[in-house]
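Okay, structure first, notes after.
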């Protein structure tokens, strides 16, 4: 398998400006309104005067064991061997919505055509594109790789993308360890300076939450 | 998702993309499989033991109604299923396009296709053939419709669609032993349709309401329960409300309702003491926006009241002769029970979809 690509996100540097989600919409010409390949969510904690908010820029996690791929009846969703990016082939999608339920992060989105589209880590431009695109590793070697629009436009340098090995060099030791425990292919870095407890990673809430 | 309370440090994920059409399909799929099973049990178990012409009539009416309801439900359910898709015409190429056999959607599609074939053949055999020419019974409505088409269409002298279908049914009718094999395979397909709809949901691990332990049992009980109710509603309409066939199926339905109720209560208990999304689903169903649909519609009117009504009528039949003096009231009572079970069965699927909450992401 080619080297896995992923995202790096530092919530302490995110100011919640939504430049990432707007840039994503612009580059991929996705429908206005309900289609958000990348979105910024705000999680609050505490009560005034000890009130804090944490911004989370969220997109497809390009999961190692992508549940959307497992349930898709037609094999339209693929976890690519060449770069680990989870893509959708809209020519095979029947718009059943099963992947929308299976994804823990709400990444699959449905356009006005009723077909699924999602973040393709800017393999290519346009809804549903990128399934047949060359490996991101190959694109990078040839100098053709598109820098993800969200990374391009991030004001606070909170987002980065690339081969996971390179991203881990930028991450803190703590973030790298968390990533190894929960390989969703998004490295969440946080020093906790900008929030009460610090964001220790986006994870599935469990019974002990 | 405005009716979900937002907890601090939890990021709630928007619900998915399944709406009323899928609730309708889940209901009709289970009902269709259950109606076919009712038809087969009536033909294979009750009909051979029937005593007297009235009881034989009631058994045969139940068999026919079960098959007719099965065909109609799977046909309407199939249309509901297709209508919610983004690319319905593409889905019709499923023999080629559906390649992921690990997906319950693919497994279920093949169950539906196999089952639709069996239930259609069953209805055809039960309605057409020389032995059915001139037979009485409300369940022969499809035969009457074809005869009406015969009259309306300007067919050449001597041509008749009913006669042609009778001829074809007699040529295709298998021996008794072969028919039993057909019933056995058809029943497996029917159970497949009933259960796969639950497994389709439980494969989504991030929705605690779609619990892998409880939901398949709930569907396995509810499908046959609604199937019995739909088929027996036809039998009651045909005049078989006071027959032994009706009583036996009604008691079988009561047993299914009892197990379903206990399982649903178990599911609620598990939800109330589980994960954040489980607690949210519990609140939605028991205290919140879907209280009228679930607590009142499903639990009270769809399960407890029909069970109580049935038990009351069964007790009166067993220990008094009031049934013969108040026949119309009993017939109405059975019809009411079946209608309530059907309404409860639909609301069950509706609330299972609309009460679904995804596990939030924790941001400690």
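Chains as they are written, first to last, in my numbering: chain A, 1 to 209; chain B, 210 to 573.
We put the CB at the ideal spot given by N, CA and C, even for glycine.
Where do the N-terminal and C-terminal ends of the alpha helix (DSSP H) with residue 220(A) fall, by residue? Here chain A covers residues 1 to 209 and nothing more, so residue 220(A) does not appear.
Would you call the segment 125–133 of chain A and the segment 80–98 of chain A in contact, with 3 or more CB pairs under 8 Å? Cβ pair count under 8 Å is three or more, so yes.
According to DSSP, simplified to helix, strand and coil, what is residue 455(B)? Position 246 of the second chain holds residue 455(B). Three-state result, residue 455(B): helix.
What residues from the segment 107–140 of chain A come within 8 Å of chain B, judged by C-beta to C-beta, listed N to C? 110, 113, 114, 115 and 116
Would you say residue 258(B) faces chain A, with C-beta separation under 7 Å as the test? Along the second chain, read from residue 1 onward, the residue named residue 258(B) stands at position 49. No, no contact with chain A.
Check residue 485(B) in the structure and name its three-state DSSP category. Reading the second chain from its first residue, position 276 is the one you call residue 485(B). Note: residue 485(B) maps to helix in three-state DSSP.
What residues are listed by DSSP as bridge partners for residue 55(A)? Taking the first residue of the first chain as position 1, residue 55(A) is located at position 55. Residue 55(A) pairs with 42(A).
Can you give me the Cβ contacts of residue 590(B) inside the same chain, cut-off strictly under 6 Å, excluding the 5 residues immediately before and after it? Residue coverage of chain B in this structure runs from 210 to 573, which leaves residue 590(B) outside it and unanswerable.
Using a Cβ cut-off of 7 Å (strictly closer), state whether residue 74(A) contacts chain B. Indexing the first chain from 1 puts residue 74(A) at position 74. Yes - at least one Cβ of chain B is within 7 Å of the one on residue 74(A).
Residue 34(A) classed as buried or exposed, judged by whether at least 16 other C-beta atoms fall within 10 angstroms: On the first chain, position 34 is the one that residue 34(A) refers to. Residue 34(A) should be labelled exposed.
Distance cutoff 7 Å, beta carbons only. Does residue 307(B) sit that close to anything in chain A? Taking the first residue of the second chain as position 1, residue 307(B) is located at position 98. True, the Cβ-Cβ gap to chain A drops below 7 Å.
Please state if the CB of residue 404(B) and the CB of residue 101(A) are separated by a distance shorter than 7 Å. As a first step, residue 101(A) must be located in the first chain, where it is residue number 101. As a first step, residue 404(B) must be located in the second chain, where it is residue number 195. Against a cut-off of 7 Å, the Cβ pair of residue 404(B) and residue 101(A) comes out as no contact.
Taking the straight line between their C-alpha atoms, what separation do you get for residue 439(B) and residue 276(B)? Translated into positions along the second chain, residue 439(B) becomes position 230. Translated into positions along the second chain, residue 276(B) becomes position 67. Rounded to the nearest angstrom, the two C-alpha atoms are 11 Å apart.
Out of 123(A), 27(A) and 154(A), which one is the CA nearest neighbour of residue 18(A)? By 1-based counting over the first chain, the position of residue 18(A) is 18. Comparing Cα positions, the closest option is 154(A).
Got a sec, what are the start and stop residues for the alpha helix (DSSP H) residue 283(B) sits in? Along the second chain, read from residue 1 onward, the residue named residue 283(B) stands at position 74. Unbroken alpha helix (DSSP H) run through residue 283(B): 261–292.
Residue-chain proximity (residue 104(A), chain B), Cβ-Cβ < 7 Å: Translated into the one-based positions of the first chain, residue 104(A) becomes position 104. Chain B contact via Cβ: present.
Backbone CA spacing between residue 552(B) and residue 511(B) [nearest angstrom]: Within the second chain, residue 552(B) is the residue found at index 343, counting from 1. Within the second chain, residue 511(B) is the residue found at index 302, counting from 1. Between residue 552(B) and residue 511(B), the C-alpha separation is close to 7 Å.
Local conformation of residue 87(A) per DSSP, three classes: Against the first chain, residue 87(A) aligns to sequence position 87. Residue state, collapsed to three classes: strand.
Contact with chain A by residue 316(B), beta-carbon distance below 7 Å: As a working mapping, residue 316(B) is identified with position 107 in the second chain. False, the Cβ-Cβ gap to chain A never drops below 7 Å.
Any beta carbon of chain B sitting closer than 7 Å to that of residue 98(A)? On the first chain, position 98 is the one that residue 98(A) refers to. So, interface residue.
Whether residue 458(B) touches residue 426(B) by CB criterion (7 Å): Counting from one through the second chain, the residue named residue 458(B) turns up at place 249. Counting from one through the second chain, the residue named residue 426(B) turns up at place 217. Not closer than 7 Å, so no.
Determine the contact status of residue 270(B) and residue 449(B), defining contact as a CB-CB distance below 7 Å. In the second chain, the residue the question calls residue 270(B) occupies position 61. In the second chain, the residue the question calls residue 449(B) occupies position 240. Yes, the Cβ-Cβ distance between residue 270(B) and residue 449(B) is below 7 Å.
Checking contacts by CB at 7 Å: is residue 415(B) closer than that to chain A? Counting from 1 along the second chain, the entry for residue 415(B) is found at position 206. Cβ-Cβ to chain A under 7 Å: yes for residue 415(B).
To the nearest angstrom, how far is the alpha carbon of residue 471(B) from that of residue 463(B)? For the purposes of this step, residue 471(B) is taken as the residue at position 262 of the second chain. For the purposes of this step, residue 463(B) is taken as the residue at position 254 of the second chain. Straight-line Cα distance between these residues: approximately 12 Å.
Starting from the N-terminal side, write out each stretch of the alpha helix (DSSP H) that is 4 residues or longer and does not extend beyond the segment 367–430 of chain B. 370–381 and 385–411
Members of the segment 279–302 of chain B that neighbour chain A once the beta carbon cut-off is set at 7 Å: Along the segment 279–302 of chain B, going in chain order, the ones with a CB nearer than 7 Å to a CB of chain A are 294, 295, 296, 299 and 300.
Roughly how many whole angstroms lie between the Cα atoms of residue 330(B) and residue 280(B)? Stepping through the second chain from its first residue, residue 330(B) is reached at position 121. Stepping through the second chain from its first residue, residue 280(B) is reached at position 71. Taking the straight line from one Cα to the other gives about 9 Å.
Could you compute how far the alpha carbon of residue 328(B) sits from the alpha carbon of residue 292(B)? By one-based count along the second chain, residue 328(B) stands at place 119. By one-based count along the second chain, residue 292(B) stands at place 83. Their backbone Cα atoms lie some 22 Å apart in a straight line.
By the three-class DSSP mapping on this structure, what secondary structure does residue 321(B) have? As a working note, residue 321(B) is residue 112 in the second chain. Reduced to three states, the DSSP call for residue 321(B) is helix.
Whole angstroms are fine: how far does the CA of residue 477(B) sit from the CA of residue 58(A)? Working through the first chain from its first residue, we reach residue 58(A) at position 58. Working through the second chain from its first residue, we reach residue 477(B) at position 268. Taking the straight line from one Cα to the other gives about 32 Å.
Cβ shell of residue 211(B) (< 6 Å), same chain only, five flanking positions each side left out: For the purposes of this step, residue 211(B) is identified with residue 2 of the second chain, where counting begins at 1. The predicted model places residue 211(B) with a pLDDT of 37, which falls under 50 and marks its position as unreliable, so this point remains unresolved.
Measuring straight from C-alpha to C-alpha, what distance separates residue 37(A) and residue 247(B)? If you number the first chain from 1, residue 37(A) lands on position 37. If you number the second chain from 1, residue 247(B) lands on position 38. Residue 37(A) and residue 247(B): Cα-Cα distance of roughly 48 Å.
So that I know if they touch, is there some Cβ in chain E lying closer than 7 Å to that of residue 78(A)? Any reference to chain E falls outside this structure, whose protein chains are A and B.
Roughly how many whole angstroms lie between the Cα atoms of residue 434(B) and residue 72(A)? Reading the second chain from its first residue, position 225 is the one you call residue 434(B). Reading the first chain from its first residue, position 72 is the one you call residue 72(A). Cα to Cα, the separation comes out at about 31 Å.
Stretch pair the segment 256–268 of chain B + the segment 305–319 of chain B: three plus CB contacts closer than 8 Å: At 8 Å Cβ cutoff, the stretches do not touch.
With H, G and I counted as helix, E and B as strand and the rest as coil, what does DSSP make of residue 568(B)? Working through the second chain from its first residue, we reach residue 568(B) at position 359. Residue 568(B): coil per DSSP, three-state reduction.
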